[in-house]
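Single-structure report; data block below.
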Amino acid sequence: MSYIIKFIYGFVLPPGIFVLFLLIVGILLYRRETLIAKLLFITAFLLYGCTIPLTGKLLIQSLENRYTPPSQIKGDVILMLGGGATLDTPDFDGKGQLSGNGANRLLTVLRLYKRTGLPILLSSGQVFSDSGNESEIAKRELLSLGVPKSKIFLENKSKNTEENTEFSKQLLNKNGWHKPVLVTSAFHMERAVLDFKKNNIDVLPYPTDYQTSRKLPLYANQFTPSTNGLAFLAAKEYLGIFSLQF
Numbered sequence: 001m002s003y004i005i006k007f008i009y010g011f012v013l014p015p016g017i018f019v020l021f022l023l024i025v026g027i028l029l030y031r032r033e034t035l036i037a038k039l040l041f042i043t044a045f046l047l048y049g050c051t052i053p054l055t056g057k058l059l060i061q062s063l064e065n066r067y068t069p070p071s072q073i074k075g076d077v078i079l080m081l082g083g084g085a086t087l088d089t090p091d092f093d094g095k096g097q098l099s100g101n102g103a104n105r106l107l108t109v110l111r112l113y114k115r116t117g118l119p120i121l122l123s124s125g126q127v128f129s130d131s132g133n134e135s136e137i138a139k140r141e142l143l144s145l146g147v148p149k150s151k152i153f154l155e156n157k158s159k160n161t162e163e164n165t166e167f168s169k170q171l172l173n174k175n176g177w178h179k180p181v182l183v184t185s186a187f188h189m190e191r192a193v194l195d196f197k198k199n200n201i202d203v204l205p206y207p208t209d210y211q212t213s214r215k216l217p218l219y220a221n222q223f224t225p226s227t228n229g230l231a232f233l234a235a236k237e238y239l240g241i242f243s244l245q246f
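Residue 1 is where the sequence shown starts when you use UniProt numbering, and the numbers rise one by one after that.
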C-alpha cells in the first residue's frame, strides 16, 4: 500500500502533475489541433523520462562505475574536493556545516587518514555569498575529530573544479607532493581526474559518496516522476567531461 501511495503522489505533486497535465491537454486537443497535441505528448514524454528515478540512477551509475576505491593507498597526500556547505548553521563547535556530498567526502578522508597517516589537503572556498567556506569548515570538523592541525593544509579560494586543480597544484608543488589521493564523489570523479590530468597532475582516484547501489531492481517507484535531480546532476557532469575534451 505504501508503494501505491508513493506512486500516486508522484503524479499529484510536481513534476509528475505537469506530465499528467500535458497528457490530458494533449488528449483534449488531439482531434482539433493534432500537431500541438503531438508536441505536448513529446514534451510530456521527455519530462517524464528526465524525472523518473530510474533514468537518473542509470546515468549517475554509469559515472560512478568508472573508478573503484583502490585496495592499496599509494600516495603522499589526501586531497579532498569540496561538495557544498552552509554558511551560519549551528554546529558543535562553530557555525557552518558541510552538505551531504561534502560530509561523505570528509568521512572518507578521516578514515583514509587513520589508515595511512598522510597529510590532508582540503580544496574549496566559498562558492556563493550564502554558502560557507568549505575548507575552513572541513578543517574545524577534522580538528574536532582528532586530526592534528599540522596534518591539515588548506586551499580555500577555489569556486569550481577547474580552480580546485589550479590552486591545489600550487600547494602540491610547494610541499613536494607528487601523488595525491583524490577524494571526491564517485559521480564527480571522472571530470575531476580529467581536470587534474589537464594540469599534469597524476592522482590516485578514491571515489566516495555514491548516489546509487550497484544493483538497480525495478519497482513501481522507479518509474514515478520525482524531484531527486539525479538526471540533471549527471547531465552537468557529462557536459563538464565533454568540455574537457577540447
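We put the beta carbon where it would ideally sit given N, CA and C, even for glycine. Source: prediction; values computed, not measured.
By the C-beta criterion, the region 32-50 is judged not to be in contact with the region 205-212, since fewer than 3 inter-stretch pairs fall below 8 Å. Bridge pairing for V181: I78, L204 [DSSP]. Contact fails between the region 160-176 and the region 8-25, because fewer than three Cβ pairs, one in each stretch, are under 8 Å apart. Comparing C-alpha distances from L216 to each of I5, T43, P53 shows the shortest one belongs to P53. DSSP, reduced to helix, strand and coil, places F153 within a strand of the structure shown. If you ignore the 5 residues before and after M189, its C-beta comes within less than 6 Å of the C-beta of Y67, P205, P207, all in its own chain and listed in chain order. By DSSP's assignment, P90 forms a beta bridge with K95. Q72 counts as exposed, since fewer than 16 other C-beta atoms from the protein chains shown sit within 10 angstroms of its C-beta.
Exclusion of the five residues before and after L13 leaves no residue of its chain whose Cβ lies closer than 7 Å to its Cβ. With respect to the 8 Å criterion, T165 and F196 are classified as neighbours on the basis of their beta carbons. Per DSSP, S123 is not a residue of any alpha helix (DSSP H); the beta strand (DSSP E) it occupies stretches across 120-123.
Per DSSP, T116 is one residue of the alpha helix (DSSP H) stretching across 100-116.
For the set L23, G75, K159, R191, the Cα lying nearest the Cα of K179 is the one of G75. Per the C-alpha coordinates, the member of R111, F11, F41 positioned closest to T227 is F11. N101 and L63 have their C-alpha atoms spaced approximately 16 Å apart. If you look at Y238, you'll find it in the alpha helix (DSSP H) that goes 230-243. Residue burial is scored here from C-beta neighbours: F128 has fewer than 16 other C-beta atoms within 10 angstroms and is therefore classed as exposed. Judged by their CB atoms, A103 and G96 are not nearer to each other than the 8 Å cut-off. Bounds of the alpha helix (DSSP H) holding S62 are 53-64. Counting C-beta pairs closer than 8 Å gives fewer than three between the region 157-164 and the region 108-117, which falls short of the contact rule. Around the Cβ of F153, a 10 Å sphere holds 16 or more other Cβ atoms; the residue is buried.
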